[in-house]
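**Student:** Per the working numbering, the sequence shown starts with residue -18, numbered consecutively. C-beta: ideal position from N, C-alpha, C; glycine also.
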Amino acid sequence: MLFLRAGPSSAAVAVAARRAFLPPCAAMNTGSFTVWDALNFRGGSRVEPADSSGTEEAYEPATGRVIATFECSGKKEVDLAVKCSKLAFRVWRRKSGMQRSRVLLKAAQLIRERKDEIATVESINNGKSIFEARLDIDTCWQCLEYYAGLASSMAGEHIQLPHGSFGYTRREPLGVCVGIGAWNYPFQIACWKSAPALACGNSMVFKPSPFTPVSAVLLAEIYAQAGVPRGLFNVVQGGAATGEFLCQHPDVAKVSFTGSVPTGKKIMELSSKGVKPVTLELGGKSPLIIFSDCDLENAVKGAMMANFLSQGEVCCNGTRVFVQREILDKFTEEVVKQTQNIKIGDPLLEDTRMGPLINQPHLERVLGFIEEAKKQGAEVLCGGDVYVPEDPKLKNGYYMRPCVLGMPSHPCSLAFYGTAHHRFPSRDLQRAHRVVAELQAGVCYINNYNVSPVELPFGGYKMSGFGRENGRVTIEYYSQLKTVCVEMGNVESVF
Ligand SMILES: C[N+](C)(C)CCCC=O
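1. Given a cut-off of 7 Å, decide if LEU344 and LEU338 are closer than it, judged by their beta-carbon atoms.
2. Extract the residue ranges of the alpha helix (DSSP H) inside the region 405 to 463, only unbroken runs of 4 or more that lie entirely within it.
3. What's the C-alpha gap between GLU29 and ASN21?
4. Mind checking whether the beta-carbon of CYS296 lies closer than 6 Å to any heavy atom of ligand 1?
5. Select from ALA39, GLY24, GLN321 and ILE92 the residue whose C-alpha is nearest the C-alpha of LEU125.
6. Compute the beta-carbon to beta-carbon distance between LYS384 and ILE351, rounded to the nearest angstrom, for a pair I have assumed lies under 8 Å.
7. What separation, rounded to the nearest whole angstrom, lies between the Cα atoms of GLU419 and LYS443?
8. Give me, in chain order, the residues of the same chain whose beta-carbon lies closer than 7 Å to that of PRO177; leave out the 5 immediate sequence neighbours on both sides.
9. Please name the residue, chosen from THR300, SER133 and GLU468, that lies closest to MET79 on a Cα-to-Cα basis.
10. For PHE289, which of ASN431, CYS466 and ARG71 has the nearest alpha-carbon?
11. Smallest Cα separation from VAL256: which of THR244, VAL233, PRO243 and LEU277?
12. Note down, in chain order, each residue of its chain lying with its Cβ closer than 6 Å to the Cβ of HIS139, except the 5 sequence neighbours on either side.
13. Can you tell me whether ASN433 sits near ligand 1, meaning its C-beta is under 6 Å from at least one heavy atom of the ligand?
14. Taking only heavy atoms of ligand 3 into account, decide whether any of them is closer than 6 Å to the Cβ of ASN165.
15. Where in the region 103 to 162 do unbroken runs of the beta strand (DSSP E), each at least 3 residues long, occur, reported from the N-terminal end onward?
16. What residue does the alpha helix (DSSP H) around GLU482 start on, and which one ends it?
17. Between which residues of its own chain and TRP173 is the CB-CB distance below 7 Å, once the five residues before and five after are set aside?
18. Quick one: give me the first and last residue of the alpha helix (DSSP H) that GLU202 is part of.
19. Which residue spans inside the region 203 to 259 form an unbroken alpha helix (DSSP H) run of at least 4?
20. For the beta strand (DSSP E) holding PRO268, just list the boundary residues, first then last.
21. Decide if the region 105 to 112 is in contact with the region 41 to 51; the criterion is three or more beta carbon pairs, one per stretch, under 8 Å apart.
22. Which residue marks the beginning of the alpha helix (DSSP H) containing ALA287, and which one marks its end?
23. Check whether the region 7 to 15 touches the region 196 to 209, taking contact to mean three or more Cβ pairs, one atom from each stretch, closer than 8 Å.
24. Pull the bridge partners of ASN322 from the DSSP assignment, please.
25. On a Cα-Cα basis, can you pick out the residue from GLY145, LEU348 and GLY182 that is closest to ASP154?
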């Protein structure tokens, strides 16, 4: 179905006209999926943007096909989305926590019911295996359920003052929040940002990465179906220009971003002009420490989880693996063996465990990192080259064989980037906790890696950002505290 509003740009009209002649439904198969529907969502429906800051194409990484062509939202469209969001906020903020909770629970149930469909879209647009995409979607409905549970727990304090006077605090929502997502976990990021925001009584305008524009609109439809006020959760598509309009908008109260360090800095700079709080969930190149007293089998499994989820395109991956010398050879042998056994291929096949990288430039960048590491003395122990699957429809996909590098003792440019998260397997729990206390990292895993229970706060230290997603603490990042001071006696003026 196609929705148009008055006054779209000529480019948006052109896209809409093209869509009007195309079939309305999309086959959910590798090599044939195409999105004809509008990808912006505003005021409760899919819409073409009112103006444009450029045209983008989204790809299916497995085949290199264009699956969607869309207009990037311009200033006018961003204004309209924020306006809708502001109106919906006025309604939503007055709901009780229990009322908001019921809507979030309904949305969680809808995500569960549509899990396979959402995971399929995610797998096609991102390239990750369907097996993994389903696990991602599980953390999405869990996140909504978790914040539904917390929605009614937002409360203040009562504080007694002398002579019967008193004060109290109210925990209040911020207003229109902006979420800006990354391409590695498109639907998950939209949920991890919107669930706490909405639970606290905020509204949201969400901008997905232009590489993965498709699934956030499904979330918008789900929220609408679950009963949020029209305009509470809007989606604008676009790249840097659209992001800038959002960050600079005077009616935006907060920006939460997941993505690269340079873009995070830019977002912080733009938001600072309006003194807007930001949450930054940025990249990292985290160390993974393997102690010699570990359970080797679990340590190897942990190293695989730390490096190869989502084709290795994960912000908190443990890409620098430090292994105690006594077990280095055995550990390396096992990791190389298991890496070579990873089934690469069509992401929609049930037995595939690794799909293609997100796009051609990214593939070239990763291959370039490997070349650079080799120049610095690293030895390729397996993979690191382009992979061409046998299936002819995948021959233009962005595939690479997963790579294990034996690193020299001196640092490689490949390895040192930022600091996010650490983990190390050890049976000596005293040592584990002692080391954790010394690490400069937002998340530490002991005897596991890259698991994502929504009850636990997630985020980085230092260049990997600040603020947190998930966990109870995130309520504080989507709300503000109002203090009310009540005088029960006469005013004692100093004048
Ligand atoms: C779900 N993971 C694996 C913890 C990744 C979270 C998002 C980071 O890129």
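**Tutor:** Walking through what the data contain:
1. Taking the first residue of the sequence shown as 1, we reach residue 338 at position 357. Taking the first residue of the sequence shown as 1, we reach residue 344 at position 363. Taking 7 Å as the Cβ cut-off, LEU338 and LEU344 qualify as a contacting pair.
2. As far as the region 405 to 463 is concerned, its whole alpha helix (DSSP H) runs of at least 4 residues are 410 to 419 and 455 to 458.
3. The residue given as residue 29 occupies position 48 in the sequence shown. The residue given as residue 21 occupies position 40 in the sequence shown. As the crow flies, the alpha-carbon of GLU29 is around 6 Å from that of ASN21.
4. Your numbering for residue 296 matches position 315 in the sequence shown. Flag set: Cβ of CYS296 near ligand 1.
5. Counting from one through the sequence shown, the residue named residue 125 turns up at place 144. Comparing Cα-Cα distances from LEU125 to each of ALA39, GLY24, GLN321 and ILE92, the minimum goes to ILE92.
6. Numbered from its first residue, the sequence shown carries residue 384 at position 403. Numbered from its first residue, the sequence shown carries residue 351 at position 370. What sits at residue 384 in the sequence shown is Cys, not Lys. That pair is a contact at about 6 Å.
7. In the sequence shown, counting from the first residue as 1, residue 419 sits at position 438. In the sequence shown, counting from the first residue as 1, residue 443 sits at position 462. In this structure, the CA atom of GLU419 is about 14 Å from the CA atom of LYS443.
8. Locating residue 177 in the sequence shown gives position 196, where the first residue counts as 1. So the qualifying residues of the chain are TYR128, THR455, ILE456 and TYR459.
9. To locate residue 79, count along the sequence shown from 1; it is residue 98. For the residues THR300, SER133 and GLU468, the minimum Cα distance to MET79 belongs to SER133.
10. Position 308 of the sequence shown, counted from the first residue, corresponds to residue 289. With distances taken between Cα atoms, PHE289 lies closest to ASN431.
11. If you number the sequence shown from 1, residue 256 lands on position 275. With distances taken between Cα atoms, VAL256 lies closest to VAL233.
12. If you number the sequence shown from 1, residue 139 lands on position 158. Apart from the 5 residues on each side of it in sequence, HIS139 sits with its Cβ closer than 6 Å to the Cβ of TYR149 in its chain, given in chain order.
13. For the purposes of this step, residue 433 is identified with residue 452 of the sequence shown, where counting begins at 1. Looking at the sequence shown, residue 433 is not Asn but Ser. Yes, ligand 1 has a heavy atom inside 6 Å of this Cβ.
14. Absence of ligand 3 is noted for the structure shown, with ligand 1 being the only ligands found.
15. Residue ranges of uninterrupted beta strand (DSSP E) with 3 or more members, entirely inside the region 103 to 162 and ordered along the chain, are 139 to 141, 147 to 154 and 157 to 161.
16. For residue 482 there is no data in the structure shown, the boundaries of the chain being -18 and 476.
17. Here residue 173 refers to the residue found at position 192 of the sequence shown. Excluding residues within five positions, the ones whose Cβ falls inside 7 Å are CYS124, GLU450 and ASN451.
18. Counting from one through the sequence shown, the residue named residue 202 turns up at place 221. Where GLU202 is concerned, the enclosing alpha helix (DSSP H) stretches over 196 to 207.
19. The qualifying runs are 221 to 229 and 242 to 253.
20. Taking the sequence shown and counting its residues from 1, one reaches residue 268 at position 287. Element bounds for PRO268: 268 to 271.
21. The region 105 to 112, when compared against the region 41 to 51, does touch it at the 8 Å Cβ threshold.
22. For this step, residue 287 is matched to residue 306 along the sequence shown. Counting along the chain, the alpha helix (DSSP H) containing ALA287 begins and ends at 277 to 289.
23. With the cut-off at 8 Å, the region 7 to 15 and the region 196 to 209 do not touch.
24. Working through the sequence shown from its first residue, we reach residue 322 at position 341. ASN322 is not bridged to any residue.
25. In the sequence shown, counting from the first residue as 1, residue 154 sits at position 173. Note that residue 154 is Pro in the sequence shown here, rather than Asp. Distances from the alpha-carbon of PRO154 to those of GLY145, LEU348 and GLY182 put GLY182 closest.
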